[in-house]
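Throughout the sequence shown, residue numbering follows the numbering used here, covering 2 to 376 in sequence. Beta carbons: idealized from backbone N, C-alpha and C, even for Gly. Fair warning: this is a prediction, and the values are worked out from it, not measured in the lab. First the structure, in the form of structure tokens, and then the observations on it.
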Amino acid sequence: MKKVFLIVGTRPDAIKMAPIILKFKETNKYKPIVIATGQHRQMLDQVLEIFKIKIDYDLNIMKKNQTLDDITINALSGLGKLMDKEKPSLVIVQGDTTTSFVGGLAAFYRKIPVAHVEAGLRTYDLYQPFPEEANRRLLDSISSLLFPPTEKAFENLIKEGIDNGKCIITGNTAIDSLLFIKNMDKQIDIPELQNIDLNNRKIILITAHRRENFGRPFMEFIEAIKTCANEYKDIIFIYPVHLNPNVDNPVRQHLSNFKNVLLLKPLDYFNFIKLMDLSTIILTDSGGVQEEAPVLGKPILVLRDVTERPEGVKAGASKIVGMHKEKIINELEKLLTDEDEFNKMAEVRYIYGDGKAAEKIYNKVEEFLDENSDA
């Protein structure tokens, strides 16, 4: 039985790989070997637990104040040893995390075919987002199978000279996972929200953590939230705060004293999706949230100057506001006071997939492995 490595390191990796892992386990044609680098620890484990996915190998590389050098060196060494031991026929990675790039690189060094889920996303600015833009470009260049989620991502790959026979548009597996969670018969469980009538309060959900925004841009974003929280006292601003001190310290220093600003610890995937579903508007610098929120009918203000997910902007589901105080304030006010503007954004839904991406990916992998019997 051919072995297939499925590598995860961060929460986004686990969210987007989970439907594929479950599909491999369901069909039982190949031996799926699930490997976690542990680039992120607690947040990764929470997702795997929700989907009841068992890890076969755990490198557990995470350490306090780890650098990109640490992640790269430790993941490359650990994954390489496992590939030498197990000799997989294919290595599947997703997105643009350092774990994903290094997983592809270790496979490339051994001439093992690489399949890249969520291929072709581009900002064409190597430092936005950093280091993700470089990771995904490098990974696409060494992959044998590429799964762009959208037509635009597919076009990016073809424009860069990648053989279109290697590519298939699948939609994003994040939508598969989101619909799985949305349909779970289980209620949100966040202690800090127990005494709040979430169904009858307008909620602005915030996520902001990107390293390229640290420092002055982040402080401008905080000033925008302070202004809006003072202006709209009947609205609750909920912000699960990233543990990175470059985020956590300024947020808690400047926003802790607002009665209508609720600062939470990072949420597990289940509760985050349920909270998204209850929200009115979402402010985010996350890539995954830009894909997920439209399915739930939530307008998005993107806290970045460029996005590798322009489909949402083009379709009208999201607007780019960056970390610019006045732009954030103005666009948020528009959504809160102009019903037509709000509805126009909220009505855009299935931009990034229909919930069947994992099935399409599995079918293409099966075709590839059957055609390449020596792979």
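Checklist entry - Can you find at least 3 beta carbon pairs, one from the stretch 115-128 and one from the stretch 153-165, that sit closer than 8 Å? => result With a cut-off of 8 Å on Cβ pairs, the stretch 115-128 is in contact with the stretch 153-165, counting three or more such pairs.
Next on the checklist: Let me check understanding here. Comparing Cα to Cα, which of L179, N247, I56 lies closest to Y353?
Outcome noted: L179
Next on the checklist: So P130 and L69 are supposed to be a Cβ contact under 8 Å. How far apart are they, rounded?
Outcome noted: P130 to L69, Cβ: 13 Å. No contact.
Item to check | Test item: CB-CB of I362 and T98 under 8 Å | outcome: no
Next on the checklist: Quick test of your reading: I204 and L302, contact by CB under 8 Å. State the CB separation rounded to the nearest angstrom.
Outcome noted: Contact flag wrong, Cβ pair sits at about 14 Å.
Checklist entry - Hey, is the stretch 249-269 in contact with the stretch 211-228, meaning 3+ C-beta pairs nearer than 8 Å? => result Yes, the stretch 249-269 touches the stretch 211-228.
Item to check | Completely contained alpha helix (DSSP H) runs for the stretch 284-349, where each covers 4 or more residues | outcome: Positions of the alpha helix (DSSP H) runs, each at least 4 residues long and wholly inside the stretch 284-349, are given as 288-296, 311-316, 326-338, 340-347 in order along the chain.
Next on the checklist: Using CA atoms only, rank isn't needed, just tell me which of D46, Q47, I72, K112 is closest to K88.
Outcome noted: K112
Checklist entry - Can you find at least 3 beta carbon pairs, one from the stretch 172-192 and one from the stretch 289-302, that sit closer than 8 Å? => result yes
Checklist entry - Which of helix, strand or coil does DSSP assign to I205? => result strand
Checklist entry - Got a sec? Which residues, its chain only, sit under 7 Å from I236 by beta carbon, not counting five neighbours each side? => result Within the same chain, and ignoring the five residues on either side of I236 in sequence, the residues whose Cβ sits closer than 7 Å to its Cβ are K203, I205, N261.
Checklist entry - Between N136 and F109, is the Cβ-Cβ spacing less than 8 Å? => result no
Item to check | Terminal residues of the beta strand (DSSP E) in which P251 lies | outcome: Secondary structure note for P251: it is in no beta strand (DSSP E), and the uninterrupted alpha helix (DSSP H) holding it is 246-256.
Checklist entry - Taking DSSP as the reference, what is the three-state secondary structure of L139? => result helix
Next on the checklist: Just verifying my parser: in three-state terms, what is the DSSP assignment at Q129?
Outcome noted: coil
Checklist entry - Do three or more CB pairs link the stretch 321-330 to the stretch 206-224 at distances below 8 Å? => result yes
Checklist entry - Just how far apart, CA to CA, sit I239 and T124? => result 28 Å
Next on the checklist: For Q67 and G162, I'd like the C-alpha separation in whole angstroms.
Outcome noted: Their backbone Cα atoms lie some 35 Å apart in a straight line.
Next on the checklist: Please determine whether the Cβ atom of L158 lies at a distance below 7 Å from any heavy atom of the ligand SAM.
Outcome noted: No copy of the ligand SAM appears in this structure; indeed no ligand is present at all.
Checklist entry - Per DSSP, what kind of secondary structure is V366 in: helix, strand or coil? => result helix
Checklist entry - Should G81 and A116 be called a contact, given that it needs their Cβ atoms to be closer than 8 Å? => result no
Item to check | Nearest candidate by alpha-carbon position, reference L244, set H210, L256, D164, F259 | outcome: H210
Next on the checklist: Could you give the first and the last residue of the continuous alpha helix (DSSP H) run that contains K1?
Outcome noted: Any property of residue 1 remains undetermined from this structure, which presents the chain solely from 2 to 376.
Next on the checklist: Taking 8 Å as the threshold (C-beta atoms), are V92 and G105 in contact?
Outcome noted: yes
Checklist entry - Cβ atoms of I62 and T38: under 8 Å apart, would you say? => result yes
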